[in-house]
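Residue numbers (the working numbering): 27 to 293. Each residue gets a CB set at the ideal place from its N, CA and C atoms; glycine is no exception.
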């Protein structure tokens with residue numbers, strides 16, 4: 027087993043231990059918080075996801091790659107009051123495991139076949155709350171974070187809003203951006219990043235205080251590959267971005283889109 031393989035294995039082990047620790051802590055923070063960051067005060071979730079992924083290759087004569095995605099996602103979080111204004115902050119994390127049919131026979135993930143994974147850690151912080159009858163009915167929040175998957179290592183920023191329609195139904199919308207200059211791919215000769223954005227909508231249906239809520243959601247992702255500008259090589263040169271706007275030092279090529287539908291349980 028290579029050093030890289032060992033590092034990946036230990037990263038997965040550490041990530042799982044951290045996630046289980048967060049999930050174990052969730053029941054102590056799930057009371058009296060209205061809708062909460064992850065909907066209905068649920069700080070641990072398990073999801074099943076079906077998706078269709080497409081990738082347009084750089085060679086205009088090459089065929090467009092398309093395939094099915096299947097994921098099993100585990101998420102957890104811990105939240106606590108962090109200001110006198112009632113702002114809530116903490117930590118969130120997720121481990122996603124699945125299959126990506128679009129790249130199953132391609133050089134990009136030849137060592138992994140169609141296996142796909144994603145591990146991330148974020149730091150949510152609520153910005154605005156609205157209460158009705160002493161129960162939180164509206165919440166707006168942001169969460170910066172970092173992670174890595176089978177395609178790249180990245181930083182991200184997430185904006186999320188949740189609204190309680192009835193005591194048993196909460197709707198939630200989220201927009202996440204993975205900026206290209208903060209990403210480094212694991213394939214290709216340059217190692218330049220992926221510029222990705224996603225929009226997601228969720229509905230949580232409560233089944234009572236002691237039963238897991240049901241989550242139904244849809245998500246659409248689109249992505250661009252970072253590329254070198256002609257005459258301005260930047261790959262492999264950490265000083266290439268020094269003192270410059272990183273968003274103007276590369277060009278971007280639309281490459282990917284992904285539609286996902288899922289169902290889960292929020293504990």
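Original post:
Going by Cα to Cα distance, which pick from 175, 291, 218 and 288 is closest to residue 278?
Top reply: 218
Original post:
Can you name the residues that DSSP bridges to residue 282?
Top reply: 81 and 249
Original post:
Exposed or buried, residue 192, counting other C-beta atoms within 10 Å across all chains shown (16 or more means buried)?
Top reply: exposed
Subject >> Whole-Å CB distance - residue 124 paired with residue 97, under 8 Å assumed >> reply: 3 Å
**OP:** Classify residue 150 as helix, strand or coil using the three-state DSSP reduction.
**Re:** coil
Original post:
Roughly how many whole angstroms lie between the Cα atoms of residue 80 and residue 224?
Top reply: 15 Å
Original post:
residue 83 and residue 99 look like a contact to me (Cβ under 8 Å); what is the Cβ gap, rounded to whole Å?
Top reply: Incorrect: roughly 28 Å between the Cβ atoms, too far for contact.
**OP:** Output the distance between the C-alpha atoms of residue 221 and residue 173, rounded to the nearest integer angstrom.
**Re:** 14 Å
**OP:** Specify, as a first and last residue, the run of the beta strand (DSSP E) that residue 106 falls within.
**Re:** 91-107
**OP:** Just mark residue 126 as buried or exposed, buried being the case when its beta carbon has 16 or more other beta carbons within 10 Å.
**Re:** buried
Subject >> Boundaries of the beta strand (DSSP E) in which residue 174 is found, first to last residue >> reply: 161-175
Subject >> Check whether residue 188 and residue 201 have beta carbons under 8 Å apart >> reply: no
Subject >> Where residue 74 sits in the DSSP three-state scheme >> reply: strand
**OP:** Would you list the residues sitting across from residue 228 in a DSSP beta bridge?
**Re:** 198 and 243
Subject >> Among 151, 205, 146 and 77, nearest to residue 108 - alpha-carbon criterion >> reply: 151
**OP:** Mark residue 106 as exposed unless 16 or more other C-beta atoms lie within 10 angstroms of its C-beta, in which case mark it buried.
**Re:** exposed
Original post:
Whose C-alpha, out of 247, 238 and 232, is nearest the C-alpha of residue 190?
Top reply: 232
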